[in-house]
Amino acid sequence: MESIKNRRTIRKYTSQDIPDSLLNELLEEAFRAPTMGNMQLYSVIVTRDSARKERIAPFHFNQPMVTSAPVVLTFCADFNRFCQWCRQRNANPGYDNFLSFLNAASDTLLVTQNFCTLAEAAGLGTCYLGTTLYSAGGLIEALELPKLVVPIATITVGYPDECPAQPERLPIEGLIHQETYRAYGEQDIDRIYAEKEAMPENRHFVEVNRTENLAQVFTDYRYTKAANEEISKVLLETLRQQGFLD
Numbered sequence: 566m567e568s569i570k571n572r573r574t575i576r577k578y579t580s581q582d583i584p585d586s587l588l589n590e591l592l593e594e595a596f597r598a599p600t601m602g603n604m605q606l607y608s609v610i611v612t613r614d615s616a617r618k619e620r621i622a623p624f625h626f627n628q629p630m631v632t633s634a635p636v637v638l639t640f641c642a643d644f645n646r647f648c649q650w651c652r653q654r655n656a657n658p659g660y661d662n663f664l665s666f667l668n669a670a671s672d673t674l675l676v677t678q679n680f681c682t683l684a685e686a687a688g689l690g691t692c693y694l695g696t697t698l699y700s701a702g703g704l705i706e707a708l709e710l711p712k713l714v715v716p717i718a719t720i721t722v723g724y725p726d727e728c729p730a731q732p733e734r735l736p737i738e739g740l741i742h743q744e745t746y747r748a749y750g751e752q753d754i755d756r757i758y759a760e761k762e763a764m765p766e767n768r769h770f771v772e773v774n775r776t777e778n779l780a781q782v783f784t785d786y787r788y789t790k791a792a793n794e795e796i797s798k799v800l801l802e803t804l805r806q807q808g809f810l811d
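Numbering (this note's numbering), first residue to last: 566 to 811.
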């Protein structure tokens, strides 16, 4: 698909709204994604109301596209609905555990990617917000999510008002392993990351952060060990509160 080869993240949108009919059609098609045991362990919260967008924006670090996009979609891992169905049919659900959360999260991400591909093919622009799991607890409260429902991914959607450059991708030789996992040598790593490190914008990141190289931008500033460990603790507590951990 040309839309996949040419895809890019869109953060600026026109004022044109997305009709419910189009959005529902795209979501219905997205729900054809593979799913664990054909259980469809996901739900989608559609946010159009400006006040509600303002409420969830802080949980996405106030990134401007949250309030400027006509639609914000929060894709949630959802075992609540399935468990209710089980209980109403005199079946005893045993899905209040970490494996069940992972299964539901996998279902959710498959649907999320399906939606993005379909939306972009239909002429819409999307932006994947990597902040959802960072602020899952706040989003649970703001979106009134019940037990056994956890937000996994947030996508802003609208008609594009920009055409940014595509982000770089690693060469396929660095990502594909034949038959078994092949260990990377030092020269392999140098070759795989050479283009990424040479890009002017990435060299700029190194300069403004005053680091020795791009890897240190990630480890020392973007995704630090301390931050990852703290957010992990909060996320585990959130999963406990939502009924996926004892």
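C-beta atoms are modelled at their ideal positions from N, C-alpha and C, and glycine is treated no differently.
Could you tell me whether the region 568-581 touches the region 720-728, using the rule of 3 or more Cβ pairs below 8 angstroms? As far as the Cβ criterion goes, the region 568-581 touches the region 720-728, which means the pair count is three or higher.
Would you mind working out which of 594, 713, 785 sits nearest residue 647, comparing C-alpha positions? In the sequence shown, the residue the question calls residue 647 occupies position 82. Of 594, 713, 785, the residue nearest in Cα terms is 713.
Any C-beta of chain C under 8 angstroms from that of residue 742: Judged by its chain identifiers, the structure shown contains no chain C, having just a single protein chain.
Which runs of the alpha helix (DSSP H), 4 residues or longer, sit entirely within the region 660-748? Segments of the alpha helix (DSSP H) lying fully in the region 660-748: 663-686, 701-707.
Near residue 697, what residues of its chain come up, given a Cβ to Cβ distance below 6 angstroms and the 5 sequence neighbours on each side ignored? Taking the first residue of the sequence shown as 1, we reach residue 697 at position 132. 716, 718, 719.
Are the beta-carbon atoms belonging to residue 685 and residue 691 less than 8 angstroms from one another? As a working mapping, residue 685 is identified with position 120 in the sequence shown. As a working mapping, residue 691 is identified with position 126 in the sequence shown. Cβ distance < 8 angstroms, so residue 685 and residue 691 count as in contact.
Output yes or no for whether 8 angstroms exceeds the beta carbon distance between residue 789 and residue 701. Here residue 789 is taken as the residue at index 224 of the sequence shown, counted from 1. Here residue 701 is taken as the residue at index 136 of the sequence shown, counted from 1. Contact flag unset, no.
Looking at residue 671 and residue 601, is the spacing between their C-beta atoms short of 8 angstroms? Reading the sequence shown from its first residue, position 36 is the one you call residue 601. Reading the sequence shown from its first residue, position 106 is the one you call residue 671. Going by beta carbons, residue 601 and residue 671 fall inside the 8 angstroms limit.
Distance CB(residue 636)-CB(residue 588) smaller than 8 angstroms: Along the sequence shown, one-based indexing puts residue 636 at 71. Along the sequence shown, one-based indexing puts residue 588 at 23. Yes.
Considering only the beta carbon of each residue, do residue 796 and residue 699 sit closer than 8 angstroms? What you label residue 796 is simply residue 231 of the sequence shown in a count that begins at 1. What you label residue 699 is simply residue 134 of the sequence shown in a count that begins at 1. Result yes, Cβ atoms of residue 796 and residue 699 sit closer than 8 angstroms.
So what does residue 610 bridge to, in DSSP terms? Locating residue 610 in the sequence shown gives position 45, counting from the first residue. Bridge partners of residue 610: 639.
Beta-carbon proximity check, residue 642 vs residue 607, cutoff 8 angstroms: As a first step, residue 642 is located in the sequence shown; it is residue number 77 there, counting from the start. As a first step, residue 607 is located in the sequence shown; it is residue number 42 there, counting from the start. Yes; because the gap between Cβ atoms is below 8 angstroms, this pair is in contact.
Can we count residue 679 as close to the ligand ATP, meaning its CB is less than 7 angstroms from some heavy atom? Absent from the structure shown: the ligand ATP. Ligands present: none.
Taking only three categories from DSSP, how would you classify residue 758? Locating residue 758 in the sequence shown gives position 193, counting from the first residue. If DSSP states are grouped into helix, strand and coil, residue 758 belongs with the helices.
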